[in-house]
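What follows is one structure encoded as structure tokens, with my remarks underneath.
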Amino acid sequence: MPLVPPPRSKAPLPAADVPSSAILAGNQPEWTVGELSTKLKQTLEDRFGHVRLRGEISGFRGVHGSGHAYFSLKDGQAKIDAVVWKGVYGRLRQKPQEGLEVVATGKITTFPGKSSYQIVIDSLEPAGLGAWMALLEERRKMLAAEGLFLPEHRKPIPFLPNVVGVVTSPTGAVIRDILHRLQDRFPRPVLVWPVRVQGDGAAEEVAAAIRGFNALTPGGPIPRPDLLIVARGGGSIEDLWAFNEECVVRAAFESVIPLISAVGHETDTTLIDHVADRRAPTPTGAAEMAVPVRADLIATVADLAARGGGAVRRRIERDRADLRGLVRAMPGPDMLLAAKRQRLDLAEARLAPALAAGAARHRVKLQALLDRLARRSPELALAQARARLDRIDDRAHRALIVEVRRKEEQVAQFGRRLVLAKETSLERARALEARRRDRLAGLTARLVQAGRRDIERRHSRLQSLADLLGTLSYRSVLDRGFALVRDGDGRPLKHAEEAEASTRLTLQFADGTVEALPAKGKRPASRAKSPKAKQGTLFDA
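Counting the sequence shown from 1 gives a position; this note's numbering is that position plus 1.
Rendered as structure tokens:
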């Protein structure tokens, strides 16, 4: 809707009644913001033109993705922004370096987008190290000479700390990044000691926080951390100077608790990085170094359990195959009795020819006697022959009977020996097979018991780890009858003064939350202040 000017009065006002400010306002020209910025830019460039500035480079983080370089030049009194365009940067003999004192030649101009002035550098010459870098180098050499930076003083980082202590500013993205990364990888209880990380008194607060965490009693009301993280976001060398102070370096060196330094970005280096047990390029990287990935640990345990079961099954199958091979290698009853049977058949085959040969020999002898009888007196020879014949016949008959009986006894004895040898061999084979079967059964039972004990031991260990996880959770404390008190913004409260100062309270129990209002009034004078109230809490800013 257009604005309609008010109607003019018919009678003009006298000049004495018109304010002088109205007259001046009507005579001043109107400027747009762009016109004023352009005019100021022209005035500044015409007035100064090319200048030579001596100062210390600060805030240089390398060449921008566009190829330009942005930083600041400062001295003890002031600071001015500086820019080196891409075409000029490639021709510079002396490239910008953080903390380097230089003499810069260029022209002064303005940047209308920020209403600021800056110097566009055409050439850069070194003028010596700046005061900050000289002091830092001197302090680094002094502490290194004392042996504070030796690698043998560094302590190993625990694989899975029970409590993680963080020394950083309670406000900002650093603490949120650390908590978020710990929650993603392996949730752990975190104690935050809030400090200032920049400005006057920041170094003393950081050193006090490190010593305060080390002074906590293990198993006390406030758990002592197993790992400390000293963290801060990126910045210039003066922003990070608190972590170059001697008190911070000595506190980190004296820390009994392993300490991870996560100050600035990957290109930033402070003295606490040299004395810390581990240096992280970023605060998020420190959180990744502090705890492993819980899913990877679970997968590793499951893989070990599967490998153990597979090993047991393969061992059983290998023993079963060995048993089948041993059974195939054992000789059977027929193989054991084959040689005995062959000897018996050979003896039986030789018995009949031997008997026939003996009878033939006796017939030859009888015929010789008959011939002798025929050559002598018939009566005497006959009588003698008859008597001799009778004797010979009777002896031969008896001898034949005796020989036959002896052979029968030998054959019977040999048969009994064969039967006894057969039964003995069979019994020995059965006993050997029974012993091997019992040994195989014992080995199989031992394998099954060993596999079962190994599985039970790994299951018990996994269950104990799961119980430990549940015990360390604050929800297990709620199950024992405790409650967590939060204020209206959801922050946990530890003292009655904080609860009385809040307008609304939230009480979290094991089965839900309850809204409550604090009772406004004086607390009983007989209640003594707790040691926490005297010493301050970890959440005091």
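The C-beta atom is built at its ideal place from N, Cα and C for all residues, glycine as well.
Query raised in the report: Would the stretch 295-312 and the stretch 196-203 be scored as touching if the rule is three or more Cβ pairs under 8 angstroms?
Result: no
Query raised in the report: beta strand (DSSP E) containing P195: first to last residue?
Result: V191 to P195
Requested in this report: Closer than 7 angstroms by C-beta to D240: which residues in its own chain qualify, once you throw out the five before and the five after it? Chain order, please.
Outcome: Q199
Requested in this report: Run the CB neighbour count on K75, radius 10 Å, all protein chains shown included, and call it buried at 16 or more, exposed below.
Outcome: buried
Query raised in the report: Going by beta carbon distance, what residues of the same chain come within less than 6 angstroms of T106, once the five residues before and after it are set aside?
Result: R53, D123 and S124
Query raised in the report: DSSP three-state call for E501: helix, strand or coil?
Result: helix
Requested in this report: Drop a sphere of 10 angstroms on the beta-carbon of F160, count the other beta-carbons inside from all chains shown, and report buried for 16 or more, exposed for fewer.
Outcome: exposed
Query raised in the report: Shortest alpha-carbon distance to G114 belongs to which of G173, K42, E410 and K80?
Result: K42
Query - CA-to-CA distance, T285 to E267, given in whole angstroms - result: 11 angstroms
Query raised in the report: When DSSP labels each residue in this structure, what does R155 get in the three-state scheme?
Result: coil
**Report entry** Neighbour-count burial assignment, I230, 16 or more Cβ in a 10 Å radius
**Finding:** buried
Query raised in the report: For F49, which of helix, strand or coil comes out of DSSP?
Result: helix
Query raised in the report: Mind checking whether A287 and L228 have CB atoms under 7 angstroms apart?
Result: no
Query raised in the report: Over what stretch of residues does the alpha helix (DSSP H) that includes I273 continue unbroken?
Result: L272 to V276
Query raised in the report: Could you give the residue range of the beta strand (DSSP E) that holds R233?
Result: L228 to R233
Query raised in the report: Between the C-alpha atoms of D426 and I317, what's the straight-line distance to the nearest angstrom?
Result: The sequence given here places Ser at residue 426; Asp does not occur at that position. Approximately 31 angstroms, taken between the alpha carbons.
Requested in this report: Report the option in P157, Q509, S73 and W133 whose CA atom is closest to the CA atom of Y118.
Outcome: S73
Report task. Take the Cβ of F510 as the centre, count every other Cβ of all protein chains shown within 10 Å, and call the residue buried at 16 or more, exposed below. Result -> exposed
**Report entry** the stretch 447-465 in contact with the stretch 309-316 per 3-pair CB rule at 8 angstroms
**Finding:** yes
**Report entry** Cβ separation of V294 and R186, assumed to be a contact under 8 angstroms, to the nearest whole Å
**Finding:** 5 angstroms
Query raised in the report: Can you pull the DSSP bridge partners for A70?
Result: V85
Requested in this report: Spell out the partners DSSP gives T111 in its beta bridges.
Outcome: Y118
Requested in this report: Return the residue from the list R62, R407 and E516 that minimises the CA-CA distance to R487.
Outcome: E516
Requested in this report: Taking only the alpha-carbon atoms, compute the straight-line gap between V84 and F49 and give it to the nearest angstrom.
Outcome: 17 angstroms
Report task. Less than 8 angstroms between the CB atoms is what I'm expecting for K341 and L419, so what's the real figure, rounded? Result -> 5 angstroms
Query raised in the report: Could you give the distance in angstroms between the alpha-carbon of E99 and the alpha-carbon of G56?
Result: 12 angstroms
**Report entry** Alpha carbon of R94 to alpha carbon of L180, nearest angstrom
**Finding:** 45 angstroms
Requested in this report: Entirely within the stretch 265-351 and at least 4 residues each: give me those alpha helix (DSSP H) ranges in chain order.
Outcome: 272-276, 284-291 and 295-330
Requested in this report: Under 7 angstroms Cβ to Cβ from F150, same chain only, skipping five residues before and after it: list those, please.
Outcome: L144, H275 and V276
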